[in-house]
Amino acid sequence: MPCTTFYYECNECDYMSYHLYECRTHFTESRHVMRKVTKTATNNLYYCDDCSYVCSKQSDYQKHVETGKHKSIDKPKANTCDKCGKSYETMSGLWKHGRKCMKTTSQSMEIIIVQLLKDNQEFKQLIIEQNKQMMELASKTTNTTNITNNNKFNLTVFLNDTCKDAVNMSDFIKMLTVTMTDLETTGKLGFIEGITGVIVRKLRELDILKRPIHCNDLKRESVYVKDNDKWEKEQDDKPKLLSAIQSVSNKNIKQLQQWKEENPDCVEPTSSKNDDYLYMFKNSMGGATDEEEDKNIQKVMKNIIKEVVIDKDNIPVK
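The C-terminal residue of the sequence shown carries number 318 in the UniProt record's numbering, and the numbering is unbroken.
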């Protein structure tokens, strides 16, 4: 039923025309309408195949044929522009439109191309700016790394230069004093707290740069001790630190005799001083067995090492 390139036709009626208005007139003629009616022999129904319409009366069907829905389906397809989708009733109208549409399309393409070139230029400029920023950032990072490396903590310089006036460990041990109060504290708190308190108190009295012992790595217990006017790394069993602990322990034990003389009733089992004396005596020994004493000494060492860890971010100025 749609028209061909040069004429309009109705395939159902075998009708052809060169004019659209003649073809439209044909669609309203009874010979065309009646050909679209399909009447069944069993139920007397009328069908419109184009509209999927069904009715039982011919009059109803005739009314349907006159509706806008049916006429819009029977209307021949208009000439359509492949570029923009606009439709025209005549080929000449479509042809005239085509000349203008091609020009408009060409102009649109030119605008698109210009915009793409502009966007491409802006994108290239953005890449250049980003590369410039990355180069500047890389330069700053390099400078920061160099500064960090230059300011990196140097243990050798710290010990031999910054701490060159530190006291020797042997002199530090001689400086350690144990009072009656220290003895009584050991009796109440035990060997570990008592001995640790005496040594740590003396270390805190000294300027950090004057201390005879420093810890460079707490996890590995890397300890450096100054003696005989030179700094050396402690061996694994830390003999010089052990010597300081044993010295305080011995001085503590010697205080027992003086305390006993000042409190003679401590030997009486019924005296309250007797319990104090027994606790001080027991705790000053370090432990009931050699194994217990070694274990307690190791704990005292750990307490002292924690006290002398080097704060590498806050090195004191001489």
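All residues carry an ideal CB built from backbone N, CA and C; glycine is no exception.
Note that the coordinates shown come from a computational prediction; the quantities given were computed from them, not determined experimentally.
Residue i - DSSP class collapsed to helix/strand/coil
i    : result
C23  : helix
V198 : helix
I147 : Confidence at I147 is low in this model, with a pLDDT of 39, below 50, so its placement is unreliable and the value that follows should be read with caution. Three-state result, I147: helix.
I315 : coil
C55  : strand
T28  : coil
Y47  : strand
S170 : helix
D227 : strand
C266 : helix
C10  : strand
T156 : helix
T80  : strand
E232 : strand
Whole-Å CB distance - residue i paired with residue j, under 8 Å assumed
i           : j    : result
M169        : P212 : 4 Å
V198        : D217 : 26 Å between Cβ atoms; not a contact.
residue 319 : E184 : With the chain running from 1 to 318 in the structure shown, residue 319 is simply not present.
C215        : I297 : In fact, because the Cβ distance is near 17 Å, the residues do not count as touching under 8 Å.
K63         : C51  : 12 Å between Cβ atoms; not a contact.
E307        : L203 : 6 Å
V300        : T196 : 5 Å
Terminal residues of the alpha helix (DSSP H) in which residue i lies
i    : result
K306 : D290 to E307
K260 : P239 to E262
Y277 : S272 to S284
T186 : M180 to L189
Where the beta strand (DSSP E) through residue i begins and ends
i    : result
D217 : I213 to D217
Y15  : Y15 to S17
Beta-carbon spacing of residue i, residue j below 8 Å
i           : j    : result
W231        : L159 : yes
D241        : I173 : This sequence places Leu at residue 241; Asp is not what is there. Their beta carbons are not under 8 Å apart, which means L241 does not touch I173 by this criterion.
G187        : D276 : yes
V200        : V248 : no
residue 320 : K210 : Limits of the chain in this structure are 1 at one end and 318 at the other, which puts residue 320 out of reach.
F153        : K312 : yes
C48         : H26  : no
M180        : Q255 : yes
S284        : N252 : yes
L20         : E89  : yes
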